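Asks:
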Amino acid sequence: MVTVADIRAVALTLPRTTEHLIRDRVKFRVGQIVYAALSRDETVLGFGYPREEREALVASNPVKFALPGQSDMRFQWVHASMAELDVEEMTELVCGAWALCVPKKLIRQRLGDDLF
Numbered sequence: 077m078v079t080v081a082d083i084r085a086v087a088l089t090l091p092r093t094t095e096h097l098i099r100d101r102v103k104f105r106v107g108q109i110v111y112a113a114l115s116r117d118e119t120v121l122g123f124g125y126p127r128e129e130r131e132a133l134v135a136s137n138p139v140k141f142a143l144p145g146q147s148d149m150r151f152q153w154v155h156a157s158m159a160e161l162d163v164e165e166m167t168e169l170v171c172g173a174w175a176l177c178v179p180k181k182l183i184r185q186r187l188g189d190d191l192f
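For the sequence shown, my numbering assigns the number 77 to the initial residue and increments by one for each residue that follows.
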């Protein structure tokens with residue numbers, strides 16, 4: 077199980093990331109783009125994920141992953157149960173969400189060329 081501290085430890089190492097408390101929810105963003113957010117009770121991690129791939133992700137493990145509510149389906153967003161995630165998987169998801177909202181040059185500097 078991952079904690080808020082685990083997520084914070086990963087997210088705040090990513091360039092241009094800032095942490096905000098908005099309506100009692102911890103959110104991580106680059107500029108105005110939120111790429112990861114926690115539910116108020118800190119049991120669900122919402123994160124950016126390519127729209128065309130999210131149904132496959134949810135189908136791969138419906139206990140761990142869920143689609144967002146109808147009003148958020150227009151965004152590139154998926155939910156994950158924090159109780160089901162381990163630190164390695166959370167790191168991959170948070171870094172992937174961050175990579176959706178920064179320039180490729182910055183991704184290469186931080187994560188290397190093997191992402192492309």
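C-beta atoms are modelled at their ideal positions from N, C-alpha and C, and glycine is treated no differently.
Computed from a predicted structure; not experimentally measured.
Let's see if you can read the secondary structure: which residues bound the alpha helix (DSSP H) around Leu182?
Replies: Counting along the chain, the alpha helix (DSSP H) containing Leu182 begins and ends at 180-187.
Asks: Among residues of its own chain, excluding the 5 on either side of Arg101, which ones have a beta-carbon nearer than 8 Å to its beta-carbon?
Replies: Within the same chain, Arg101 has close Cβ partners Ala113, Leu114, Ser115, Arg116.
Asks: Taking three-plus beta-carbon pairs below 8 Å as touching, is the segment 117-128 in contact with the segment 169-185?
Replies: The answer is yes - the segment 169-185 touches the segment 117-128, with three or more Cβ pairs under 8 Å.
Asks: If Leu187 sits next to Met158, beta carbons under 8 Å apart, how far is it from one beta carbon to the other, in whole angstroms?
Replies: 23 Å between Cβ atoms; not a contact.
Asks: Taking 9 Å as the cut-off, decide whether the C-beta atoms of Val178 and Arg99 are in contact.
Replies: Contact: no.
Asks: For the beta strand (DSSP E) containing Ala112, list its first residue and its last residue.
Replies: Run containing Ala112: 109-114, per the beta strand (DSSP E) assignment.
Asks: Which of helix, strand or coil does DSSP assign to Ala159?
Replies: Three-state result, Ala159: coil.
Asks: So is His96 buried or exposed if we call it buried at 16+ other beta carbons inside 10 Å?
Replies: Its Cβ having fewer than 16 others within 10 Å, His96 is exposed.
Asks: Just how far apart, CA to CA, sit Phe104 and Val80?
Replies: Their backbone Cα atoms lie some 11 Å apart in a straight line.
Asks: Whose C-alpha, out of Arg130, Asp148, Gln146, is nearest the C-alpha of Lys140?
Replies: Lys140 has its Cα closest to that of Arg130, out of Arg130, Asp148, Gln146.
Asks: What do you reckon, are the CB atoms on Val110 and Val163 nearer than 9 Å?
Replies: Not closer than 9 Å, so no.
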